[in-house]
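Visitor: Before we start, here is the structure in question, set down as structure tokens.
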Amino acid sequence: MPTQRHTAVRKIILPVIIVLLFAGCKDQAASRHSGSLYEYDENVSTRWSSPENLNGVPGAGGKENNTAKGHAFDTIAAGAVYKLLDVKDMGIINRMWITINDRSPEMLRSLKLEMYWDGADKPAVSVPFGDFFGVGLGQTTAFQNVLFANAEGRSFQCFIQMPFKSGARIQVVNESSKTLGLFFFDVNYSLLKTWNNENMYFHAYWKRDTATKLGEDYEILPKVTGKGRFLGANIGVAANKAYRKSWFGEGEVKIYLDEDGAYPTLNGTGTEDYIGTGWGQGKFINNYAGCSVADDSLLQWAFYRYHIPDPVFFKTACRVTMQQIGGDATDSVAAYQQEGAAILPITTAGEKGFKMFYRKDSVARLSADSYKGWTNFYRSDDVSAVAYFYLDQPGSNLQALQPVAIRTTALRHR
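According to mature numbering (1 follows the signal peptide of the UniProt record, and there is no 0), the stretch in the sequence shown is residues -29 to -1, 1 to 385, in order.
Printed below as a string of structure tokens:
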């Protein structure tokens, strides 16, 4: 039986619990409904920039040809700079859509996409056009993931949000030797009245190494300084034919955060593991990771991973690398080595157990009679990648985009 004291305590505590629960429900409801589809946002004014209304000037769209689709596209001459957006205001880019009539690998690598924030002299984004939109190695294919889409292999969409505090300029530079005849685009953005001091600026960096150095990791993102978030990468590999059809992707992706030195904080277990598959890598498209190109005849693979459900934040610095390691049966690796292929044997796993070969000061020589099994080895391939990241500043310490000759040499396509 409850005592008189217990009854008194209940009379005091129960109303308090009810009030707290009610308050919690209100907070959850407010959080759930914040930014919902049916709430008006006083902080946002919607704008679209297109050839029909560059920069989205209020009440100025579709004026040409008596509003009858007079300016749906533009032409970009060889060597010309074409601006898609140039505004001096506060806002956020929500979506970009572009289509062009020349979607050859050479044109997709020759067009340079640049983005400048808040009047900075140096672009935060300076990347080959096709690679930026997830079209690795210039091979257009239909796909859609959480950040990019190419609806039928003929258009380029980006859904990455890009805030700017005092201005934004987006432009395309035609560094090919020919005119691009048809260039259609929409840049959909919002003007903002207030600024969140936690906003960061979007950046993208691209680099190609046509022959990675034996035993050295490829840098997806060289060390960038500042506070930010590594958003992910699109990576392309054109495998060295000297290794025939051997597996290229044993290399681990490593992410060095802040004060990391020789060893990273984040260390993966293999290339295909990094994008969520295993035991090799075929074509698949998922929201946050996938492989858009898996071509055994051209020996090409293009794949991506976006760290959205698993965010990668850094306080002072970030560097991202991918080991250049492949694998095959031991006798096959021995044959490649004897034929003159650049190989540094690392390990063999076989019926007799696990054997380590790699020494930095010597090269193990394999033969058909060597310890048999599956042998991993350092190799040299043609690798390129776009790294996407946010920084607390509109510029970065990274180098400028490589010349068009490096971007377009020895492209493989059907």
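Glycine included, every Cβ here is placed at the ideal spot set by N, Cα and C.
So, helix, strand or coil for Ala358, using DSSP?
Guide: Within the sequence shown, the letter at position 387 stands for residue 358. Strand.
Visitor: Report yes if the CB atom of Ala213 is closer than 9 Å to the CB atom of Tyr349, and no otherwise.
Guide: Sequence index remark: in the sequence shown, residue 213 carries index 242 (1-based). Sequence index remark: in the sequence shown, residue 349 carries index 378 (1-based). Result no, Cβ atoms of Ala213 and Tyr349 do not sit closer than 9 Å.
Visitor: If distances are taken between C-alpha atoms only, which option among Ala313, Thr319, Glu190 comes closest to Asp302?
Guide: Your numbering for residue 302 matches position 331 in the sequence shown. The option with the nearest alpha carbon to Asp302 is Thr319.
Visitor: Taking only the alpha-carbon atoms, compute the straight-line gap between Tyr234 and Val224 and give it to the nearest angstrom.
Guide: Indexing the sequence shown from 1 puts residue 234 at position 263. Indexing the sequence shown from 1 puts residue 224 at position 253. Separation of Tyr234 and Val224 (C-alpha to C-alpha, rounded to the nearest whole angstrom) is 12 Å.
Visitor: Touching or not, the stretch 160 to 167 and the stretch 57 to 68, by the rule of three or more beta carbon pairs under 8 Å?
Guide: yes
Visitor: Alpha carbon to alpha carbon, what distance is there between Lys34 and Ser16?
Guide: Locating residue 16 in the sequence shown gives position 45, where the first residue counts as 1. Locating residue 34 in the sequence shown gives position 63, where the first residue counts as 1. In this model, Ser16 and Lys34 are separated by some 21 Å (Cα to Cα).
Visitor: Out of Lys286, Asn14, Ala95, Ser81, point me to the one whose CA is closest to Ala371's CA.
Guide: To locate residue 371, count along the sequence shown from 1; it is residue 400. Distances from the alpha-carbon of Ala371 to those of Lys286, Asn14, Ala95, Ser81 put Ala95 closest.
Visitor: Quick one: what does DSSP say Ala213 is sitting in, helix, strand or coil?
Guide: On the sequence shown, position 242 is the one that residue 213 refers to. Note: Ala213 maps to helix in three-state DSSP.
Visitor: Closest by CA to Lys77, which one among Phe328, Tyr227, Pro99?
Guide: Against the sequence shown, residue 77 aligns to sequence position 106. First, the residue type needs correcting, since residue 77 is Glu and not Lys in the sequence shown. It is Pro99.
Visitor: Could you pull the start and end residues of the alpha helix (DSSP H) that Leu79 belongs to?
Guide: Stepping through the sequence shown from its first residue, residue 79 is reached at position 108. Counting along the chain, the alpha helix (DSSP H) containing Leu79 begins and ends at 76 to 81.
Visitor: Could you please give me the residues that DSSP links to Asn168 through a beta bridge?
Guide: Here residue 168 corresponds to residue number 197 of the sequence shown, with the count starting at 1. Looking at the DSSP assignment, Asn168 forms no beta bridge with any residue, so it has no partner.
Visitor: Buried or exposed: where does Leu315 fall if 16 or more other Cβ atoms within 10 Å of its Cβ makes it buried?
Guide: On the sequence shown, position 344 is the one that residue 315 refers to. Leu315 is buried by the Cβ-count criterion.
Visitor: Between which two residues does the alpha helix (DSSP H) carrying Glu243 extend?
Guide: Here residue 243 refers to the residue found at position 272 of the sequence shown. Looking at the DSSP string, the run of the alpha helix (DSSP H) that includes Glu243 is 242 to 245.
Visitor: For a quick check, are the C-beta atoms of Asp89 and Ser137 less than 9 Å apart?
Guide: For the purposes of this step, residue 89 is identified with residue 118 of the sequence shown, where counting begins at 1. For the purposes of this step, residue 137 is identified with residue 166 of the sequence shown, where counting begins at 1. Yes. Within cutoff.
Visitor: When you compare only the Cα positions, how much space is there between Ala300 and Gly344?
Guide: Numbered from its first residue, the sequence shown carries residue 300 at position 329. Numbered from its first residue, the sequence shown carries residue 344 at position 373. C-alpha separation (whole angstroms): 6 Å.
Visitor: Starting from the N-terminal side, write out each stretch of the beta strand (DSSP E) that is 3 residues or longer and does not extend beyond the stretch 270 to 354.
Guide: The stretch 270 to 354 contains these whole beta strand (DSSP E) runs: 271 to 277, 283 to 285, 288 to 293, 296 to 300, 315 to 321, 324 to 327, 345 to 349.
Visitor: In terms of residues, what are the limits of the alpha helix (DSSP H) holding Ile47?
Guide: For this step, residue 47 is matched to residue 76 along the sequence shown. Unbroken run through Ile47 is the beta strand (DSSP E), 45 to 47; no alpha helix (DSSP H).
Visitor: Cβ atoms of Thr46 and Phe155: under 9 Å apart, would you say?
Guide: In the sequence shown, the residue the question calls residue 155 occupies position 184. In the sequence shown, the residue the question calls residue 46 occupies position 75. Not in contact: Phe155 and Thr46 (Cβ atoms no closer than 9 Å).
Visitor: Threshold first: 3 residues or longer. Then list the beta strand (DSSP E) segments lying entirely within the stretch 144 to 213, N to C.
Guide: 151 to 163, 172 to 180, 189 to 196, 199 to 209
Visitor: State buried or exposed for Trp218, treating a residue as buried only when at least 16 other CB atoms are found within 10 Å of its CB.
Guide: Here residue 218 is taken as the residue at index 247 of the sequence shown, counted from 1. Its Cβ being crowded by 16 or more others within 10 Å, Trp218 is buried.
Visitor: When you compare only the Cα positions, how much space is there between Thr150 and Asp73?
Guide: Taking the sequence shown and counting its residues from 1, the one referred to as residue 150 is at position 179. Taking the sequence shown and counting its residues from 1, the one referred to as residue 73 is at position 102. Whole-angstrom Cα-Cα distance: 10 Å.
Visitor: Check whether the Cβ of Lys331 sits closer than 8 Å to any heavy atom of the ligand SAH, and report yes or no.
Guide: Ligands are entirely absent from the displayed structure, and the ligand SAH is therefore not among its contents.
Visitor: Between Gly152 and the rest of its own chain, which residues show a CB-CB distance below 6 Å, the 5 nearest in sequence each way excluded?
Guide: The count along the sequence shown starts at 1 and reaches residue 152 at position 181. Here Gly152 has Thr46, Asn72 as same chain residues with Cβ atoms under 6 Å from its own Cβ, once five neighbours each way along the sequence are excluded.
Visitor: Around the C-beta of Asn238, are 16 or more other C-beta atoms found within 10 angstroms, so that it is buried, or is it exposed?
Guide: What you label residue 238 is simply residue 267 of the sequence shown in a count that begins at 1. Asn238 should be labelled exposed.
Visitor: Report the three-state DSSP secondary structure of Asn14 (helix, strand or coil).
Guide: Along the sequence shown, one-based indexing puts residue 14 at 43. Coil.
Visitor: Kindly indicate which residue of Asp102, Ala91, Leu118 has the alpha-carbon position closest to the one of Ile141.
Guide: Along the sequence shown, one-based indexing puts residue 141 at 170. The residue with the shortest Cα to Cα distance from Ile141 is Ala91.
Visitor: Ignore the nearest five residues each way along the sequence and tell me which others in Lys83's own chain have a CB closer than 6 Å to its CB.
Guide: The residue labelled residue 83 in the question sits at position 112 within the sequence shown. Closer than 6 Å at Cβ, skipping near neighbours: Val144, Glu146.
Visitor: For Asn368, does the count of other Cβ atoms within 10 angstroms reach 16, so buried, or fall short, so exposed?
Guide: To locate residue 368, count along the sequence shown from 1; it is residue 397. Asn368 comes out exposed.
Visitor: Under a three-way DSSP split, which group does Asp73 fall into?
Guide: As a working note, residue 73 is residue 102 in the sequence shown. For Asp73, the secondary structure class from DSSP, reduced to helix, strand or coil, is coil.
Visitor: Can you tell me where the alpha helix (DSSP H) with Phe100 in it begins and where it stops?
Guide: Here the question's residue 100 lines up with position 129 in the sequence shown. That run of the alpha helix (DSSP H) goes 100 to 103.
Visitor: From Thr379, Leu108, Val52, Arg80, pick the residue whose C-alpha is nearest to that of Met86; which is it?
Guide: Working through the sequence shown from its first residue, we reach residue 86 at position 115. That would be Val52, whose Cα lies nearest to the Cα of Met86.
Visitor: By the 10 Å Cβ neighbour count, where 16 or more other Cβ atoms means buried, how is Val195 classified, buried or exposed?
Guide: Position 224 of the sequence shown, counted from the first residue, corresponds to residue 195. With at least 16 other beta carbons inside 10 angstroms of its own, Val195 counts as buried.
Visitor: Determine, using beta carbons only, whether Trp177 and Ala335 come nearer to each other than 9 Å.
Guide: Residue numbering aside, residue 177 sits at position 206 when the sequence shown is read from its first letter. Residue numbering aside, residue 335 sits at position 364 when the sequence shown is read from its first letter. Cβ atoms of Trp177 and Ala335: not closer than 9 Å.
Visitor: What residue range is occupied by the uninterrupted alpha helix (DSSP H) comprising Ala376?
Guide: Here residue 376 corresponds to residue number 405 of the sequence shown, with the count starting at 1. Where Ala376 is concerned, the enclosing alpha helix (DSSP H) stretches over 375 to 379.
Visitor: When burial is assigned at 16 or more other CB atoms within 10 Å of the CB, is Leu118 buried or exposed?
Guide: The residue given as residue 118 occupies position 147 in the sequence shown. Looking at its Cβ environment, which holds 16 or more other Cβ atoms inside 10 Å, Leu118 is buried.
Visitor: Rounded to whole angstroms, what's the CA-CA distance from Gly207 to Ser81? Just pull it up for me.
Guide: Taking the first residue of the sequence shown as position 1, residue 207 is located at position 236. Taking the first residue of the sequence shown as position 1, residue 81 is located at position 110. C-alpha separation (whole angstroms): 16 Å.
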